[in-house]
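Trainee: Using the numbering used here, you'd call the opening residue of the sequence shown number 2 and step up by one each time.
Each residue gets a CB set at the ideal place from its N, CA and C atoms; glycine is no exception.
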Amino acid sequence: MKKYLRNFYIGLIFLFLYAPILTLIVLSFNASKTRAKWGGFTLKWYLSMFQNEAILQALSTTLMIALLSALIATVIGTVACISMQAMKRRNKAILMGITNIPMLNADIVTGISLMLLFITLGFRFGFMTILLSHITFNIPYVILSVMPRMKQLNPSIYEAALDLGASHTRAFFKVVFPDLLPGILSGFLMAFTMSLDDFIITHFTKGPGVDTLSTKIYTEVKKGIKPEMYALSTLIFVTVLVLLFLVNKTPAEKKKHPI
């Protein structure tokens with residue numbers, strides 16, 4: 002009886018979490034425009050979505066911002082991890098605490114803060130302000146992914162490579178970088194996913210005429226929900242689901258041979 006109640010409770014949680022998303026996916030294949038009637042299976046809303054220039058422009062902007070912000074944040078976050086690893090324990094703990102603040106902070110506070118910063122600096126709101134904002138909130142996620150791999154490194158291997166005649170750059174890319182690569186890739190995918198899915202910070206830092214998918218959906222919903230939005234939301238959900246699966250997939254650990 003206890004096991005049955007436990008399974009029922011877990012099933013109920015999953016029902017509340019995923020039933021709305023499942024409903025959205027089903028409606029994206031509904032031939033009827035009304036949500037109260039099933040008009041048959043169709044893909045016309047997906048075709049109509051890809052013929053909509055505004056949606057395609059928003060998609061292009063979203064992917065470009067997500068890719069650029071993830072790449073830049075990954076480079077900055079990885080370099081930050083390498084630098085923090087050389088610090089004293091107390092200084093590293095303080096810096097890690099400061100780094101974690103943006104993740105704990107409410108998105109609306111971060112969005113308003115960045116908006117006020119850009120206004121103070123005289124920045125023109127548009128593509129660049131969105132990109133800078135996404136880089137800012139992505140860096141902590143990269144550090145969170147790379148730092149555990151950094152702590153597992155054996156410094157003796159790097160020093161051995163230097164003793165054998167390798168330069169600092171060659172020793173890093175031949176010895177250190179391969180061990181950090183799983184964490185770097187996880188950080189990149191996490192940053193890409195967070196950028197792809199962000200709405201609040203983007204809403205406060207975007208300029209007129211620039212839209213990402215999230216802000217475009219918000220604008221369209223205010224006018225009245227169109228079936229194309231169901232199709233677009235379904236594609237976003239599937240994309241984020243695949244990326245999260247890749248992020249959480251634990252790479253097989255390579256066997257380390259003693260030196």
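Thinking C-alpha only, which one of K45, F126 and F15 is nearest S29?
Mentor: The alpha carbon of S29 has as its nearest neighbour, out of K45, F126 and F15, the alpha carbon of K45.
Trainee: Taking the Cβ atom as the reference point for each residue, do I136 and I56 lie within a distance shorter than 9 Å?
Mentor: no
Trainee: Helix, strand or coil for F42? Go by DSSP, reduced to three states.
Mentor: In the structure shown, F42 sits in a strand (DSSP, three-state: E or B).
Trainee: Measure the C-alpha to C-alpha separation of E160 and F174 and round it to an integer number of angstroms.
Mentor: 13 Å
Trainee: What do you get for V211, buried or exposed, if any count of 16 or more other CB atoms within 10 angstroms of its CB means buried?
Mentor: Flag for V211 reads buried.
Trainee: Leaving out five residues on either side along the sequence, give the residues of the same chain with a beta carbon under 8 Å from the beta carbon of R36.
Mentor: L28
Trainee: Residues bridged to N31 by DSSP?
Mentor: BP columns for N31 point to F42.
Trainee: Can you give me the Cβ contacts of A71 inside the same chain, cut-off strictly under 7 Å, excluding the 5 residues immediately before and after it?
Mentor: N139, F189, A192, F193 and S196
Trainee: Ignoring anything shorter than 3 residues or poking outside the region 154-188, list the beta strand (DSSP E) runs there in chain order.
Mentor: none
Trainee: According to the neighbour-count rule (16 or more other Cβ atoms, all chains shown, within 10 Å of its Cβ), is R125 buried or exposed?
Mentor: exposed
Trainee: Tell me which residue opens and which closes the alpha helix (DSSP H) that F138 is part of.
Mentor: F128 to K152
Trainee: Out of K38, T206 and Y47, state which residue places its alpha-carbon closest to the alpha-carbon of I131.
Mentor: T206
Trainee: Restricting to Cα atoms, I'd like to know which of V143, L118 and L115 is closest to T100.
Mentor: Minimum Cα distance to T100 is reached at V143.
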